[in-house]
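Residue numbers (my numbering): 1 to 285.
What follows is a single structure, written as structure tokens, with notes after it.
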Ligand SMILES: [Fe+2]
Ligand SMILES: [Fe+2]
């Protein structure tokens, strides 16, 4: 794992140098104006479809508010799930080298969860629930590891697409830009680390696994990417925005060609990486 060791040294150093106190860093306004845009328009789940075009300005703003709360809620649940998996592996035999970075990863993710949850409860009065499927139990440790670390990587790369855009969108209130900016800053280290782990475990699996095991991992990851994008279409959000039947809106929006093209853009970087390393056998969208 010598390549891995070098990258881990660099990432640990970076985490130490760039460490900030998340409990002091942010200036939380008492409220966010309902007349402000809370989510970059092109990131809104029905953007580019007739559903969005037919909304008036106040409806668009209300939808953007709840989509924003949904995005940070998804982060809270995604982080809890990945923390459980990483905590289960820190200082376990086979993870001696990555454990040096796991400390930073666990610490930073706990802090992300803190500020995302605070945003949701402060300004939305709630965190949207999740109904995410559990990570399947696999008897083969390497297969379980590849599933866990690929899921983490896919999740982090999807979120990062949104973070990067919102961090620099001057239409958004400062607190929203700032949480996206700080998250993106920390995540670039996590993504670099995740890619190393995924390549490492995949190499081990390919040396010993049958074709059907390899295909089942590839199919699983493909489904996981699709389900990751589907989480952005939350019927509760559409209900809270007063748009009518949330489930009907979800199914109308999710398969619209403009949305499929957007899914392709969001996941382009991850899919390219997974295709390059043979963790996917074909494009997803
Ligand atoms: Fe994070
Ligand atoms: Fe992360």
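Every residue gets a Cβ at the ideal spot worked out from N, C-alpha and C, and that includes glycine.
Quick caveat: nothing in here was measured; it's all calculated off a predicted structure.
Straight-line CA distance for residue i to residue j?
i	j	result
residue 140	residue 26	43 Å
residue 266	residue 225	10 Å
residue 85	residue 194	13 Å
residue 118	residue 29	12 Å
residue 91	residue 49	48 Å
residue 21	residue 272	35 Å
residue 220	residue 57	40 Å
residue 87	residue 132	20 Å
residue 18	residue 277	31 Å
residue 70	residue 128	6 Å
residue 236	residue 2	47 Å
residue 257	residue 247	18 Å
residue 36	residue 170	11 Å
residue 23	residue 101	22 Å
residue 89	residue 146	13 Å
residue 123	residue 61	14 Å
residue 281	residue 222	9 Å
residue 251	residue 196	36 Å
residue 259	residue 238	16 Å
Taking a contact to mean a Cβ-Cβ separation below 8 Å, would you say residue i touches residue j in this structure?
i	j	result
residue 32	residue 175	yes
residue 164	residue 40	no
residue 240	residue 66	yes
residue 149	residue 201	yes
residue 155	residue 275	no
residue 157	residue 269	yes
residue 191	residue 160	yes
residue 104	residue 198	no
residue 55	residue 43	no
residue 14	residue 189	yes
residue 285	residue 264	yes
residue 218	residue 153	no
residue 249	residue 46	yes
residue 120	residue 72	yes
residue 97	residue 8	yes
Can you tell me whether residue i sits near ligand 2, meaning its C-beta is under 7 Å from at least one heavy atom of the ligand?
i	result
residue 111	no
residue 190	yes
residue 187	yes
residue 156	yes
Give the range of the alpha helix (DSSP H) segment to which residue i is assigned.
i	result
residue 270	257-276
residue 114	96-119
residue 6	2-17
residue 23	22-25
residue 252	246-254
Using a threshold of 7 Å, is the CB atom of residue i nearer than that to any non-hydrogen atom of ligand 4?
i	result
residue 94	As for ligand 4, it is missing from this structure, which binds only ligand 1 and ligand 2.
Could you check whether the Cβ of residue i sits closer than 7 Å to any heavy atom belonging to ligand 1?
i	result
residue 77	no
residue 183	yes
Taking the runs of the beta strand (DSSP E) that are 3 residues or longer, which of them lie wholly in the region 200-235? none
Can you list, in chain order, the stretches of the alpha helix (DSSP H) that have 4 or more residues and sit fully within the region 52-102? 57-87
What beta strand (DSSP E) runs, 3 residues minimum, are completely inside the region 122-200? Taking only runs of at least 3 residues, no beta strand (DSSP E) segment lies wholly in the region 122-200.
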